[in-house]
Structures are given as C-alpha cells and as structure tokens.
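Below you'll find the structure, written out as structure tokens, and then a few comments.
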Ligand code: UDP
C-alpha cells in the first residue's frame, strides 16, 4: 500500500485525503449478459453488463462505415437514491443528466477501443445504479470496462472475434475540493458540499480520456487543479490493478 495523507479535518467516513473507498467487483452478476459485474465504490453500487448485438446501427450501414459499434445506457434504479427516483419510462423521457452520463460512458469506452476490429457487431453496455452515494458515473465507467473486456475475451474464445479491439484499459474517479482540501473519491456527503467537483477518465497507461472539473458557485486555482490531477492519477493506478484482477475472475467464472 502506498502512503496516505491525513486530512487536516475528518472526512465523513474517516478516510485519508488520497484514499479510495473500498472498491469491489463481483463478476457474473447477470449471467445472460456476456460480461457483467457489480462494481462497488464504497456504498455506491452499479451493475454493468455488456451484451452483444450481431448488427450495427443503421447510420453505420447507411454510411457504409466498416467495423462495429459500442454504446452505453445509464440509469438509476428507483430505490438507488434516498428519495425514490421515478423511472424515466414513467416520466416519458430521460433527464439531461442521464443522457450526459451515458454519452460519457460510451465515449470513454470507445477511446480505448478499435471499432474496426469489431466487425458487424454492437456492444451494448448497460449501467444500472443499485445504490447511489456519489461517483455513480465514475463507477459506471470503471465497471463498464470490466464487463466489456470480459465479453470481448469470451467472444474471442468462442471464435466469434479474431482479435481484441481494446487498445488500453480505462477507469474513472472523482476528485474534489472539500473543506478547502483536494480529496480523492468523494462520497455523497462530500460531493454535496464540495467547492470543486471533478471527474477524471484515464487509461491504464496514464493518459486522459476526459477531465471535467467545475467550481460550484466558486473558483479554483491552478495548484488545486494540479493536486486534483495527482490524486486522481494515484486512484486510477490502484483501480486499474483491481480491474485486471476482476477481469481474470470474470473469465474464470
Ligand atoms: N443523486 C441523487 N439523485 C439524483 C442525482 C444524484 O440522489 O437524481 C445523488 C447520488 O448519490 C449521486 C450524487 O447525488 O451519486 C452525485 O450526483 P452527480 O450528478 O454528481 O453524479 P455522480 O457523482 O453520481 O456521478
């Protein structure tokens, strides 16, 4: 374990400022999907499942684009939040946050994937939040990669795919400025009071896919941003190792 930095204040769950919540992966949670995992970042839990469709979207067929496609859907189960959240289907439409998150998950996956190698197939990644306690989008991306990598390796074993289209791994983590201090992996109590909230999507080789950082009715300094990036990179390194172990577990299930 690397050294941890104690906060000058107590984090709500007692963690050091550079300490992740316990990260867990339970693979094979949805046996009808080719790859699936229940990912936990502390009390945040998301079911991520990868299913294969043996066709590509109509726009790809129309434009004669070679290869395959990978896309994602995200939703929060009604009982995932403290107050019941109405299903989108009952409201008649997905809210803006949902659309933003599922597009982020899809982009994050495609950034480390060579679509040309997925001939004629679509990988659907479904991320359903079972319990929300902050960081559901980052947990979703982290679990989506595990589910999709398991699915891809199973396709190869079934001789339904010639080679692995993944070019790198991908994971995500939230960081933020809470009580004037940059901290890693915010839970809901921290997230709601954070002055700065950021989500980092990074590859296993340390490159960025997306960095989103915003001040909540506040501003932040270059030094704070640098600290957030450093904390995030440390978190991603730890998560990447756990993802690799989870993929091996998923392939052995
Ligand atoms: N949240 C909620 N209901 C909602 C949206 C969010 O209870 O409709 C809570 C939930 O705990 C979530 C947190 O607020 O994890 C932070 O939400 P945000 O939009 O920042 O996304 P996240 O951090 O989950 O990616």
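In this note's numbering, the protein residues as written are 1004 to 1256.
Glycine residues also receive a C-beta, built at the ideal position from the N, C-alpha and C atoms.
Within 10 angstroms of its Cβ, does residue 1152 collect 16 or more other Cβ (buried), or is it exposed?
-> buried
Please list, in chain order, all residues of the same chain as residue 1009 whose beta carbon is under 8 angstroms from its beta carbon, the five residues on each side excluded.
-> 1019 and 1020
As assigned by DSSP and simplified to three states, the class of residue 1004 = Confidence at residue 1004 is low in this model, with a pLDDT of 46, below 50, so the placement of that residue should be treated as unreliable; the coordinate-derived value is given next. Of the three classes helix, strand and coil, the one that applies to residue 1004 here is coil, per DSSP.
Kindly indicate which residue of 1224, 1228 and 1135 has the alpha-carbon position closest to the one of residue 1194.
-> 1135
When burial is assigned at 16 or more other CB atoms within 10 Å of the CB, is residue 1189 buried or exposed?
-> buried
Hey, is the segment 1169-1185 in contact with the segment 1234-1252, meaning 3+ C-beta pairs nearer than 8 angstroms?
-> yes
Residue 1136: beta carbon under 7 angstroms from a heavy atom of the ligand UDP?
-> yes
Closest residue to residue 1220 among 1200, 1204, 1234 and 1205 (Cα-Cα distance) = 1200
What does DSSP give as the partner residues of residue 1046 in its beta bridges?
-> Answer is none; residue 1046 lacks a bridge partner.
Roughly how many whole angstroms lie between the Cα atoms of residue 1243 and residue 1143?
-> 14 angstroms
Nearest neighbour of residue 1235, chosen from 1224, 1207 and 1253 [CA to CA] | 1207
Ignore the nearest five residues each way along the sequence and tell me which others in residue 1197's own chain have a CB closer than 7 angstroms to its CB.
-> 1179, 1180, 1181, 1189 and 1219
C-beta contact flag for residue 1146 and residue 1212 at 8 angstroms | no
Considering only C-alpha positions, which residue in the set 1080, 1077 and 1059 is nearest to residue 1071?
-> 1059
Using the C-alpha atoms, what's the distance from residue 1068 back to residue 1104?
-> 26 angstroms
Would you decide whether residue 1137 is buried or exposed? Buried here means 16 or more other CB atoms lie within 10 Å of its CB.
-> buried
Mark residue 1256 as exposed unless 16 or more other C-beta atoms lie within 10 angstroms of its C-beta, in which case mark it buried.
-> exposed
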